[in-house]
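Chemist: In the UniProt record's numbering, the protein residues as written are 1 to 741.
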Amino acid sequence: MENKKIYRVDSLNLEAGKVSFTPAGHSSKADWKTILSLAFQSVGVIYGDIGTSPLYVYASTFTDKIGHKDDILGVLSLIIYSIILVPMAKYVFIVLWANDNGDGGAFALYSLICRYAKVSLIPNQEPEDRELSHYKLEIPSNKFRRAQKIRHNLEKSKFAKIFLVFVAILGTSMVIGDGVLTPCISVLSAVSGIKPLGQEAVVGVSIATLVALFCVQSFGTDKVGYTFAPAICIWFLFISGIGLYNLFKYDVSVLRAFNPKYIIDYFKRNGSEAMFADLGHFSVRSVQISFSCVVFPALLSAYSGQAAYLSKFPEHVENTFYESVPGPLYWPTFVVAVAAAIIASQAMISGAFSIVAQAQSLDCFPRVKVIHTSAKHEGQVYIPELNYFLMVACVLVTFCFKTTEKLGHAYGIAVVTAEIITTNMVTLIMLLIWKISIWWIILFYVVYVTIESTYLFAQLTKFAQGGFLPVSFSFVLVIIMGIWHYVQKRRYEFELNNKVSSDYIRDLAKNPDIKRVPGIGLLYSELVQGIPPIFPHFVSNIPCIHSIVVLVSIESIPISKVALEERFLFRHVEPREYKVLRCVVRLGYNDQLGKPEEFENQLVEHLKEFIRHEHYILAAHDHQVEDREISEPVSTGSIMSLVNSSVAQSTHSLSSTRTQMVMSPRLEEEEEIQFVEKAKEQGVFYLLGEAQVVAKQDASFLKKFVVNYAYHFLRKNFRQGEKVMAIPQTRLLRVGMTYEL
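#1: What did DSSP end up calling residue 747 once you bin it into helix, strand or coil?
#2: Quick one: Cα of R567 to Cα of P366, how far?
#3: Excluding five sequence neighbours on each side, which residues of the same chain lie with their C-beta closer than 6 angstroms to the C-beta of L137?
#4: Given a cut-off of 9 angstroms on the beta-carbon distance, is the pair I520 and S553 in contact?
#5: Name the one or two DSSP bridge partners that V546 has.
#6: On a Cα-Cα basis, can you pick out the residue from C233, L329, Y686 and Q306 that is closest to L522?
#7: Could you give the DSSP three-state label for Y330: helix, strand or coil?
#8: Using beta-carbon positions only, say whether A347 and L55 come within less than 9 angstroms of one another.
#9: Please confirm whether any heavy atom of the ligand ADP lies closer than 8 angstroms to the CB of I83.
#10: Run the CB neighbour count on S240, radius 10 Å, all protein chains shown included, and call it buried at 16 or more, exposed below.
#11: Compare the beta carbon distance of T172 and S345 with 9 angstroms and say whether it is the shorter of the two.
#12: What first and last residue would you give for the beta strand (DSSP E) that runs through A737?
#13: Taking just the CA atoms, how far does L551 sit from Y524?
#14: Quick check on the burial criterion: 16 or more other C-beta atoms within 10 angstroms. Buried or exposed for S218?
#15: Exposed or buried, D513, counting other C-beta atoms within 10 Å across all chains shown (16 or more means buried)?
#16: Three Cβ pairs or more, each shorter than 8 angstroms: is that satisfied between the stretch 462–473 and the stretch 174–191?
#17: Tell me the DSSP secondary structure of V500 in three-state form.
#18: Taking the beta carbon of P87 as the centre, do at least 16 other beta carbons fall within 10 Å, making it buried, or is it exposed?
#19: Between E495 and S111, what straight-line distance do the alpha-carbon atoms span, to the nearest angstrom?
#20: Return yes when the Cβ of G51 is within less than 9 angstroms of the Cβ of A340, no when it is not.
#21: What are the start and end residues of the alpha helix (DSSP H) that includes V447?
#22: How do the stretch 308–315 and the stretch 238–253 stand: do at least 3 beta-carbon pairs fall below 8 angstroms, yes or no?
#23: Please report the distance separating the alpha-carbon of E200 from that of E155.
#24: So what does DSSP say about S28, is it helix, strand or coil?
#25: So, at 8 angstroms on beta carbons, what are the nonlocal neighbours of V167 in its own chain, with the 5 sequence-adjacent residues on each side left out?
#26: Just mark S186 as buried or exposed, buried being the case when its beta carbon has 16 or more other beta carbons within 10 Å.
#27: Rounding to the nearest angstrom, what Cα-Cα distance links I433 and Y448 in this structure?
#28: Using 9 angstroms as the threshold, is the C-beta distance between M737 and E668 below it?
#29: E526 to I342, Cα distance in whole Å?
#30: Is it true that the CB of C364 sits closer than 9 angstroms to the CB of V165?
#31: For Y711, which three-state DSSP category applies?
#32: Leaving out five residues on either side along the sequence, give the residues of the same chain with a beta carbon under 8 angstroms from the beta carbon of V254.
#33: Using the beta-carbon count (16 or more within 10 Å), is L443 buried or exposed?
#34: Where are the alpha helix (DSSP H) runs, 4 residues long or more, that stay fully inside the stretch 30–100, in chain order?
#35: In this structure, how does DSSP classify I557 when only helix, strand and coil are distinguished?
#36: Mind listing, in chain order, the continuous alpha helix (DSSP H) runs of no fewer than 4 residues lying wholly within the stretch 341–412?
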């Protein structure tokens, strides 16, 4: 019996063996029917942004009219090679392979890096998290030493950790800024088709369209999404047909622009739209097919046709797209253009929602309400606060700027900055994770940093004409997100340094003054190890605890989704009979807790499953001990070997293990499960610590300002914890505590 006391069944160790190694849903290894179907759907979801660029690119480039006829060829050449090198070569055929199970963007890349190197500033992950189905990726053996050296340098460098999270925050800020600028420039360009009514009418209709677009966001894009692909395909059909018509009618010789020497004659930045964050749930192969076979030919035809038209009518550069449309197709093209602009705007708005949800789950954004709008499609979320903020921002920007020329300058800086950030993070992934040849990495980095830096410097010359907008916008967002992440990190460190010894629970069990009340008490803490300092604070204020106490930690894992069967991990806090347990709830950055009743049922069901598993393992251990003479205490390692041996001999699957447990029921097991069920019927109650965070008296002025004022302002004006987790107020008990950081 003494040996049995040494051994503690711990799902934080054992659950690692219960993974379902589900392959990522974005592999290119699928049947061609599925790939082609996804390729068609991806046209509507991903390419609305780049697809609507022919509406405004020439007008944004030639803001001061066309100075020389060859300038048209120079700009067309620049457009052609920008599309070939950036969206096609870089994003479609390189960067998309760095997706995080179908999720893209700065935080997805940051999460990917965090899985291979301990660079997160809030290190609240468990070793067994690496056993999650979507956590591990196959690591090639070649170039391993180089990758290990880079990882070691990253992990020991505090500057590198801070810089990585800063880059992720900056990239996110630029994408959110894109969520403001894309609807403005796309809708304003499309509505400019009614320009004969006057510029004020164009602005008014654009604002009305934008307000309507944001008002329907709460309904989700699930049903509307089915019309995206056909509408955008019709749009590409229109622009390619009109482009070919203009090309052969006016000046087919503009195809000389395939000669890159014309770029030297007129080297000026053109907007090459980012699409990586919109990868969503389409396979890489389907995205490659849709871009290569549909999007690229259509854009090539559209831009070439407009260049041919401008070679004959250079004075029409301000509204090139609509001026070049043949008369009978004018109004049909206008309708399709507005529809395409709305779809492009919808994609960027949804992308902004998704990326803020990612940032919040990684403690890099203040708490906001995230609503899942589709039961079928993962990642379709709606954030009310962000929606209204974006709507007001879009209306103000459209009203103040009025034309696509100034908006183009702002849009270009936001896009190119995001591209440079992506280039740097993907280069690090190439070194750390992909481990490919150093010469390929150097070639990739030099080529794209050169191109994108040139574009950025060209756009910065227009800083005063509108380029200041995304820079100012991103500066504010970086400050907000940086302050929030810094204080959350310090809060976690405070709890880690002040966690309570496990002896406290033993002393508590012996204290006759502590009463047990019916029900299950869920005490939330950010710690994934140890007893949080808020627990003894609860007991000292209210000298009674529930019949079952679960110390719940919501752990953000740097992956997109955690399978439900892998989400809950349990551990007994000794003494076991006192029924205090730790529970780590692992969530990916696209996971949500769900409604309270659903979460409670999931937690209790997994607790009962843990109890069954625990009794089965203890029974297997007892059986092994009886057959062996043990002259010394059994170590955890040897016990785990016994457990693994027993489980391996009995079955290779978890379902068979559970069947064996049912076939060999134990009285203690059933009594404990019944106790849990009865406690659940008596009610589940939430114990939430209201930690007031303040800076120490001897802290610097800057730290006091950040912690005592800036962070306090953010907490006060964003949602509190119980609102984010949707905790019923009638079952919520809050106790305040002060953390001095």
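Using N, Cα and C, we set each Cβ at its ideal position, and we do this for glycine too.
Modeler: Well, looking at it:
#1: No information on residue 747 is available, as it lies outside the stretch 1 to 741 that the chain covers here.
#2: Working through the sequence shown from its first residue, we reach residue 567 at position 567. Working through the sequence shown from its first residue, we reach residue 366 at position 366. Each residue's alpha carbon lies about 24 angstroms from the other.
#3: As a position in the sequence shown, residue 137 is number 137, starting the count at 1. For L137, the predicted model reports a pLDDT of 49, less than 50, meaning its position is unreliable; a value from the coordinates is still stated below. Beyond the five residues adjoining it in sequence on each side, L137 comes within less than 6 angstroms, by CB distance, of no other residue in the same chain.
#4: Taking the first residue of the sequence shown as position 1, residue 520 is located at position 520. Taking the first residue of the sequence shown as position 1, residue 553 is located at position 553. Contact flag unset, no.
#5: Start at 1 with the first residue of the sequence shown, and residue 546 comes out as number 546. This sequence places His at residue 546; Val is not what is there. Beta-bridge pairing links H546 to V517.
#6: Here residue 522 is taken as the residue at index 522 of the sequence shown, counted from 1. Out of C233, L329, Y686 and Q306, Y686 has the C-alpha closest to the C-alpha of L522.
#7: The sequence position of residue 330 within the sequence shown is 330, counting from 1. Reduced to three states, the DSSP call for Y330 is helix.
#8: Residue mapping note: residue 347 aligns to position 347 of the sequence shown, counting from 1. Residue mapping note: residue 55 aligns to position 55 of the sequence shown, counting from 1. Against a cut-off of 9 angstroms, the Cβ pair of L55 and A347 comes out as no contact.
#9: Because no ligand of any kind appears in the structure shown, any question about the ligand ADP cannot be addressed here.
#10: In the sequence shown, counting from the first residue as 1, residue 240 sits at position 240. Buried.
#11: In the sequence shown, counting from the first residue as 1, residue 172 sits at position 172. In the sequence shown, counting from the first residue as 1, residue 345 sits at position 345. No; because the gap between Cβ atoms is not below 9 angstroms, this pair is not in contact.
#12: Within the sequence shown, the letter at position 737 stands for residue 737. The question names Ala, but residue 737 is Met in the sequence shown. Per DSSP, M737 belongs to the beta strand (DSSP E) from L732 to E740.
#13: Taking the sequence shown and counting its residues from 1, one reaches residue 524 at position 524. Taking the sequence shown and counting its residues from 1, one reaches residue 551 at position 551. C-alpha separation (whole angstroms): 6 angstroms.
#14: As a working note, residue 218 is residue 218 in the sequence shown. By the 10 Å Cβ count, S218 comes out exposed.
#15: The residue given as residue 513 occupies position 513 in the sequence shown. Classification for D513: exposed.
#16: yes
#17: Here residue 500 corresponds to residue number 500 of the sequence shown, with the count starting at 1. DSSP places V500 in strand when its eight states are reduced to three.
#18: Looking up residue 87 in the sequence shown gives position 87. P87 comes out buried.
#19: Translated into the one-based positions of the sequence shown, residue 495 becomes position 495. Translated into the one-based positions of the sequence shown, residue 111 becomes position 111. S111 has its alpha-carbon roughly 24 angstroms from the corresponding atom of E495.
#20: Taking the first residue of the sequence shown as position 1, residue 340 is located at position 340. Taking the first residue of the sequence shown as position 1, residue 51 is located at position 51. Result yes, Cβ atoms of A340 and G51 sit closer than 9 angstroms.
#21: Position 447 of the sequence shown, counting from 1, holds the residue named residue 447. Element bounds for V447: I438 to L460.
#22: Contact between the stretch 308–315 and the stretch 238–253 is present, because at least three Cβ pairs lie under 8 angstroms.
#23: Counting from one through the sequence shown, the residue named residue 200 turns up at place 200. Counting from one through the sequence shown, the residue named residue 155 turns up at place 155. Cα to Cα, the separation comes out at about 56 angstroms.
#24: By 1-based counting over the sequence shown, the position of residue 28 is 28. The predicted position of S28 is uncertain, since its pLDDT is 40 and thus under 50; no value can be drawn from it.
#25: Position 167 of the sequence shown, counted from the first residue, corresponds to residue 167. Excluding its 5 nearest sequence neighbours in each direction, V167 has C-beta neighbours in its own chain below 8 angstroms: A106, Y110, I421, N424 and M425, listed in chain order.
#26: Stepping through the sequence shown from its first residue, residue 186 is reached at position 186. Result: buried.
#27: Position 433 of the sequence shown holds residue 433. Position 448 of the sequence shown holds residue 448. C-alpha separation (whole angstroms): 20 angstroms.
#28: In the sequence shown, counting from the first residue as 1, residue 737 sits at position 737. In the sequence shown, counting from the first residue as 1, residue 668 sits at position 668. In this structure, E668 does not lie closer than 9 angstroms to M737 by Cβ.
#29: Locating residue 526 in the sequence shown gives position 526, counting from the first residue. Locating residue 342 in the sequence shown gives position 342, counting from the first residue. Spanning the two alpha carbons is a distance of roughly 41 angstroms.
#30: Counted from its first residue, the sequence shown places residue 165 at position 165. Counted from its first residue, the sequence shown places residue 364 at position 364. Against a cut-off of 9 angstroms, the Cβ pair of C364 and V165 comes out as a contact.
#31: Your numbering for residue 711 matches position 711 in the sequence shown. Correct three-state label for Y711: helix.
#32: Indexing the sequence shown from 1 puts residue 254 at position 254. Only I72, L73, L76, L247, S304, A307, A308 and S311 meet the Cβ criterion.
#33: The count along the sequence shown starts at 1 and reaches residue 443 at position 443. So L443 ends up on the exposed side.
#34: 32–46, 48–51, 57–61 and 69–83
#35: As a position in the sequence shown, residue 557 is number 557, starting the count at 1. It is coil, neither helix nor strand.
#36: 384–401
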